[in-house]
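Chains as they are written, first to last, in our numbering: chain E, 31 to 371; chain X, 343 to 670; chain Y, -10 to 277.
Built from N, CA and C at the ideal position, the CB exists for glycine as well.
These figures come from a predicted structure and were not determined experimentally.
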Amino acid sequence: MREGVNSPLLEVRDLVKDYISRDAKLRQRVVRAVDGVSFEVWPSETFAIVGESGSGKSTVGRVILKLTDATEGHVSLLGEDILDLGEKQFRPMRTNLQMVFQDPLAAFDPRATIRSSLREFAEFGGERTPAQQDQAIEDAIRNVGLSPEIADRRPAEVSGGQLQRLSVARSLLVEPRLLFLDEPTSSLDVSIRGQIVNLLTGLQETAQLAYLLVAHDLRVVYAMAHRVAVMYLGQFVEIGTRDQVYRQAAHPYTRGLLEAAQLEEPGHLGEPVRLSGEISTDHLGSPGCRLMPRCPFSESKCAEPQPLRETRTGQLVRCWKAVEAPVSIGLPEPPSPGDRS
Amino acid sequence: MTGSRATPTMDAPPLLDIENLAVGFRTGTEDASMPLQGVNLRVPRSSRMSLVGESGSGKSLTAAAVIGMLPEGAEILRGSIRLDGEELLGASKRRLRDLRGPQIAIMFQNPRASLNPVLTVGGQIAEVIRTHSDAGRRDSHLRAIDLLDQMGVPDARRRAGDYVHQYSGGMAQRAALAMALSCQPDLLIADEPTTGLDATLQQQVLELVVEQVTDRGASLLLITHDIAIARQTCERTAVMYAGRVMESGPTASVTSSPANPYTTALLRAFATVDEGRMYAIPGTVPTLLDPLVECPFASRCPEVGEECRDGVPELRTIADREVACVKA
Amino acid sequence: MTARALPDRRTPTRNRSGRLVRKVFRTPAYLSMAIIVLVALVGPFLVRDPLGFLGGTLTAPSAEFWFGTDQFGRDIFARVVHAARLDLWVGLIAAALAVVVGMPLGALGAYRGGAFDALLLRVSESFQAFPTLLLALGIVAALGPSIPILIMVIAMVNVPVYLRLTRSAVKPLVDSDFVLAARCAGKSQATILRRHILPNVSEIVFAQFSVNVAWAIQILAALSFVGLGVKLPTAEWGAMVRDGIDYMYYGQWWISLFPGLAILATVLTLNYLSDEIRHGQRDSIGNR
């Protein structure tokens, strides 16, 4: 969190999102994709949510952008509660909040030229004259390191990396305060992922943007995030500053993810954790720890409800063992009082 | 055959020997291109080799050529693919069919692509076993269940009767591996076998593949875009770019002291970095419409010189590996 | 290899009309359609009077009368050519009416969802539960045959086809990323439908349109065949086939054969055209 900022841009409290599906026998089945998620995003901050597919991390962003309805909870943007607003009332507020999609090719109308896709954003709010829109589009394209001639092409005629830059350019045309980045690099080749990451971090500095980053690539998150939340089956299981989560991860799931990512840097605390099995919506409704069936350290007490508890200042963990018996899950002895890291 | 070019690490003739393989798509149409520009790759017996490259490098197309399943419109322009000394290019369809299973098997990124959705998982594995052996119905089913069990499918007897859509992603990939290994192939080609899986699952599946291939004394050709996966699983690595092998050799030395600037750049792109900056290779992968006339990496290479523009560099043996770079 | 291995190869096509002309000559379906349309447009000015008595009755095809003459001594070639205009017109207008009504309704249903969508579906299902031809027969029998009524009836039985087709094409687009992006740009539902959704389903609908013109021609011919179509002596393919049927037994095969072949050729051409449109669409969007 930066200095001189005293209120968050975005505040999310106890957010719940249910999907109702029907099984083969047409029985209703409620899937709670997001289950009581709370966090805030501060100006100029990157808050990242990491997790596997099926963890519900993308749904959080979509609810915040009101692209899908929330079931319960509160979301306030710049101090105003937005969940109860209708689409028409919320529409003017959309200038504050934009999104960059995972697959840039899907995010652009295949029939429209880049220019007309960008114009939709440039004309938002109706404050720019057509000539100003043209200028704004040209500036936006240059701003992401491309040359304006690309505007006359169609999405299929532009490479994935360039198109993702254009997707960023497009969302910045409305001058938002917060950008929801939904796996912004995962459809791109490894050799050019860095281009998008560097572009985004550069823009954050110049345009004072806040990012809500959803990703599973831990290297991208490490490069971009200030704070990180780890999500598993609809719940945050660990939240902390980037270094806390990467270097002092306490939750077995976080450690399993770090272990699987085989990062060269930075090293993390404790013994390596190997998770068995795989994420399954069957464990969704469980009142206790949802990782229990996969966790090497699980015991009967894990079936009891697990609240998020503080282990270090600003670091919350949803695992009683991490707080009460860290040694039993392969973590070093807790730091003695006054020895905060 | 390979005697004149044998590298120090390989004394026996390799199991798979791909020489100067070029593949193009029909000329004269809008899709005309030449995605493989002369690939040289050797997989020794009982070894694990990874083929690393970005999308468009031609790694999957190389695998498709080996199993004789090139996409429509693709044609072999030149080169040879020998499996155990037998030339596969030009072999009859019937011969290729006989080879697939007992000699070469493949598993894909999407396990559901290799399993038939309307047959039970156990039933189709048993069918493959019957096709390539004289096992009876009962015997083949028992072997199918046994295979699923070896691949770590819990309660294999019951799960063998399920359909693939009833399997989770990780289980389906285990079943696909059981299918691929059902006829004891000498060579298993795994094309991005874990790309669709979550991180915590990737490791489990990779370890299983390595363990099973090693136990059977078979060879593995693992195709991946992720250098970290190559490092975890294979003793040898070949790096592909723009339809050519840029560097190949023992994984440890290729990844710790790369000899080709492209390998160096790819490794840097994989490194974890701090402070909001990640390394990216400038520019984009070249479009392979025509035969290359210079080093394909020349336009993006930080160490490019005049000599890089004089023709396409051939793979040369340098110490423990082969490198296609005039500066190496 | 992945679909985006060669990203920069497709350059924008500027010369669209030139490409279309070349395409017409390269593709049999387009060429054949062009010939049929040309015959319908210009043909009637070049051939004999379709209603006039022009010499012997029931003369076999000859150098003078290419398709022979009928029992009233009318030139069958002239009648087939004249009927081409009528049949194509009725087919086109009826199919166009069906599109104009069915497409927006289907799109709206898919986009809105809920009770409105369900109602539309039930209504169109109940229409489709009747055999099309029987339904058309009943209505024409009740209202009396005339060209406007025929067009209305044929259009009406085709509305559910477009409604459902558009609905199923729009449904996956409603949650597509580029539509969500337009919502992020503050666009209203109506704007999104008009700018993003309808243009992206238009080719699917257009391919169906071609099939439907053929279908409309078949319905018209069938109604005429049972005597509920156009009034005699207007030249219409179905009616002409009906006229000649009795003479088939006596060896005067040409009266029914040539209009029958005209129906066959037109219907086949329109169906192939539909396939071509669909292919063209796949190519232009690329392998995504």
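Give me, in chain order, the residues of the same chain whose beta-carbon lies closer than 8 Å to that of residue i; leave out the 5 immediate sequence neighbours on both sides.
i, result
"ILE25(Y)", "ALA73, LEU77, ALA254, THR255 and THR258"
"ILE660(X)", "ALA601 and ALA670"
"ARG195(E)", "VAL174, GLY175, LEU176, GLN225, ILE226 and LEU229"
"ASN296(X)", "Given a span of 343 to 670 for chain X in the structure shown, any question on residue 296(X) remains unanswerable."
"THR121(Y)", "VAL146 and ILE208"
"GLU363(E)", "PRO356 and VAL357"
Ordered along the chain, which non-local residues of its own chain (more than five positions away) have a Cβ less than 6 Å from that of residue i?
i, result
"MET352(X)", "For MET352(X), the pLDDT reaches just 49, beneath the cut-off of 50, and the residue's location in the model is therefore unreliable, although a value from the coordinates is still provided. If we look at MET352(X) and ignore the five residues flanking it on each side, its Cβ neighbours are PRO386."
"ARG384(X)", "PRO356 and ASP359"
"ALA405(X)", "ILE531, ASP533 and ILE565"
"TYR236(Y)", "ILE244"
"LEU124(Y)", "VAL146"
"GLU33(E)", "Per-residue confidence for GLU33(E) stands at a pLDDT of 42, beneath the threshold of 50, marking its modelled position as unreliable; the derived number appears in the next sentence. Result list for GLU33(E): empty, nothing under 6 Å."
"MET588(X)", "VAL581, ASN602, TYR604 and ALA666"
Residue i: which of the options sits nearest, CA to CA?
i, options, result
"TRP204(Y)", "GLY133(Y), TYR19(Y) and VAL146(Y)", "VAL146(Y)"
"THR223(Y)", "SER135(Y), SER115(Y), TYR100(Y) and ALA125(Y)", "SER135(Y)"
"THR125(E)", "ALA170(E), VAL188(E) and PHE154(E)", "PHE154(E)"
"GLY421(X)", "ALA502(X), LEU431(X), ARG501(X) and SER456(X)", "LEU431(X)"
"THR341(E)", "ARG277(E), GLU354(E) and GLN132(E)", "GLU354(E)"
"SER197(E)", "ASP219(E), GLU179(E), ARG207(E) and ILE226(E)", "ILE226(E)"
"PRO592(X)", "SER399(X), SER482(X), ARG578(X) and GLY400(X)", "ARG578(X)"
"MET539(X)", "ALA416(X), SER392(X), PRO453(X) and VAL581(X)", "Sequence inspection shows Leu at residue 539(X); the Met mentioned does not correspond to that position. Taking only the C-alpha atoms, the option nearest LEU539(X) is PRO453(X)."
"ALA166(E)", "ALA136(E), ARG59(E), ARG183(E) and LEU202(E)", "LEU202(E)"
"SER157(Y)", "LEU126(Y), ALA99(Y) and GLU114(Y)", "ALA99(Y)"
"SER676(X)", "ALA520(X), GLN546(X), LEU412(X) and ALA584(X)", "What the structure shows of chain X is the stretch from 343 to 670, and residue 676(X) is not part of that stretch, so it cannot be assessed."
"ASP312(E)", "PRO362(E), ASP99(E), PRO296(E) and ARG59(E)", "ARG59(E)"
"THR89(E)", "ARG324(E), PHE210(E), LEU239(E) and GLN192(E)", "PHE210(E)"
"LEU221(Y)", "ARG15(Y), PRO39(Y) and LEU30(Y)", "PRO39(Y)"
"GLU417(X)", "GLY443(X), PRO377(X) and GLY478(X)", "PRO377(X)"
Report, in whole angstroms, the separation of the C-beta atoms of residue i and residue j, which I expect to be a contact under 8 Å.
i, j, result
"ALA211(Y)", "VAL219(Y)", "The pair is not a contact, with the Cβ atoms about 12 Å apart (cut-off 8 Å)."
"VAL159(Y)", "ILE186(Y)", "6 Å"
"PRO335(E)", "GLY315(E)", "In fact, because the Cβ distance is near 12 Å, the residues do not count as touching under 8 Å."
"VAL260(E)", "ARG272(E)", "Not confirmed; about 12 Å, so no contact."
"VAL71(E)", "LEU242(E)", "6 Å"
"ILE296(X)", "ALA607(X)", "As shown, chain X starts at 343 and ends at 670. That puts residue 296(X) outside it, with no answer to give."
Determine which residues share a DSSP beta bridge with residue i and list them.
i, result
"PRO592(X)", "ARG578(X)"
"TYR241(E)", "THR76(E) and LEU209(E)"
"ALA502(X)", "The partner list for ALA502(X) (beta bridge, DSSP) is empty, contrary to what the question assumes."
"VAL357(E)", "VAL357(E) is not bridged to any residue."
"HIS483(X)", "None; HIS483(X) has no bridge partner."
"HIS104(E)", "ARG43(E)"
"GLY5(E)", "No information on residue 5(E) is available, as it lies outside the stretch 31 to 371 that chain E covers here."
"ASP533(X)", "ILE565(X)"
For residue i, I'd like the list of residues in its chain whose CB is within less than 7 Å of its CB, leaving aside the five on either flank, ordered along the chain.
i, result
"ALA112(E)", "The question names Ala, but residue 112(E) in the sequence shown is Ile. So the qualifying residues of the chain are LYS96, VAL105, SER106, PHE120 and MET123."
"ALA348(X)", "The predicted model places ALA348(X) with a pLDDT of 40, which falls under 50 and marks its position as unreliable, so this point remains unresolved."
"PHE327(E)", "PRO282, LYS351, SER358 and ILE359"
"MET31(E)", "Because the pLDDT at MET31(E) is just 42, under 50, the model does not fix this residue reliably, and the value given afterwards should be weighed accordingly. Excluding sequence neighbours, MET31(E) sits near TRP72 and GLU75."
"PRO38(E)", "GLU70, VAL71 and TRP72"
In the DSSP assignment, find the alpha helix (DSSP H) that holds residue i and state where it starts and stops.
i, result
"GLN197(Y)", "187 to 214"
"GLN546(X)", "541 to 557"
"ASN452(X)", "It is not in any alpha helix (DSSP H) - ASN452(X) carries neither H nor E in the DSSP assignment."
"GLN163(E)", "160 to 173"
"GLU114(Y)", "103 to 118"
"ASN458(X)", "First-last for ASN458(X): undefined, no H or E at that position."
"SER37(E)", "No alpha helix (DSSP H) holds SER37(E); DSSP gives it neither H nor E."
"MET237(Y)", "226 to 237"
"SER402(X)", "401 to 408"
"LEU441(X)", "435 to 441"
"ASP662(X)", "First-last for ASP662(X): undefined, no H or E at that position."
"LEU221(Y)", "Element bounds for LEU221(Y): n/a, residue is neither H nor E."
"ILE112(E)", "Taken as a continuous stretch (DSSP letters only), ILE112(E) belongs to no alpha helix (DSSP H), as it is neither H nor E."
Mind checking which residues open and close the beta strand (DSSP E) that includes residue i?
i, result
"SER375(X)", "375 to 385"
"LYS9(E)", "Limits of chain E in this structure are 31 at one end and 371 at the other, which puts residue 9(E) out of reach."
"ARG621(X)", "Checking the sequence shown, residue 621(X) turns out to be Tyr, not Arg. No beta strand (DSSP E) contains TYR621(X), which DSSP labels as neither H nor E."
"LEU363(X)", "358 to 367"
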